[in-house]
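Trainee: Got a structure for you, questions after.
Numbering (my numbering), first residue to last: 1408 to 1503.
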């Protein structure tokens, strides 16, 4: 068990950081599919070529797995075993 306490660090808005990165990626032409369930990973010759989702298939030359607590489950769909164990957590976040 571990924790971090750093009073001078202030408050970090992790969600604001993520949305800032998403906006920058979008400006550079990256396709972002929020709230979309992945149902499968397409592969050809040991390389990921696309993603099957509940909203249709997406062909891709590059796929980034940014699924937090689900990252090991999504990687398993691609046949990639990650050297970590993930835990799906729930958070209750309030504004100031």
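Heads up, the beta-carbon is just placed ideally off N, CA and C, and yes, glycines get one too.
#1: Count the CB pairs spanning the segment 1464-1474 and the segment 1440-1455 that are closer than 8 Å, and state whether there are at least three.
#2: Between which two residues does the beta strand (DSSP E) containing residue 1463 stretch?
#3: Buried or exposed: which applies to residue 1458, given that a residue is buried once 16 or more other Cβ atoms fall within 10 Å of its Cβ?
#4: Check for me: the alpha helix (DSSP H) holding residue 1424 runs from which residue to which?
#5: With distance defined between alpha-carbon atoms, name the residue in 1436, 1425, 1501 and 1454 nearest to residue 1484.
#6: Taking all protein chains shown into account, do 16 or more other C-beta atoms lie within 10 angstroms of the C-beta of residue 1481, making it buried, or fewer, making it exposed?
#7: Under the three-state reduction of DSSP, which class applies to residue 1486: helix, strand or coil?
#8: Buried or exposed for residue 1445, going by 16 or more other Cβ atoms inside 10 Å?
Mentor: Answer, in terms of the structure:
#1: At 8 Å Cβ cutoff, the stretches touch.
#2: Looking at the DSSP string, the run of the beta strand (DSSP E) that includes residue 1463 is 1463-1466.
#3: Residue 1458 is buried by the Cβ-count criterion.
#4: Where residue 1424 is concerned, the enclosing alpha helix (DSSP H) starts and stops at 1421-1434.
#5: Out of 1436, 1425, 1501 and 1454, 1454 has the C-alpha closest to the C-alpha of residue 1484.
#6: Around the beta carbon of residue 1481, 16 or more other beta carbons lie within 10 angstroms, which makes this residue buried.
#7: DSSP places residue 1486 in the coil class of the three-state scheme, outside both helix and strand.
#8: Result: buried.
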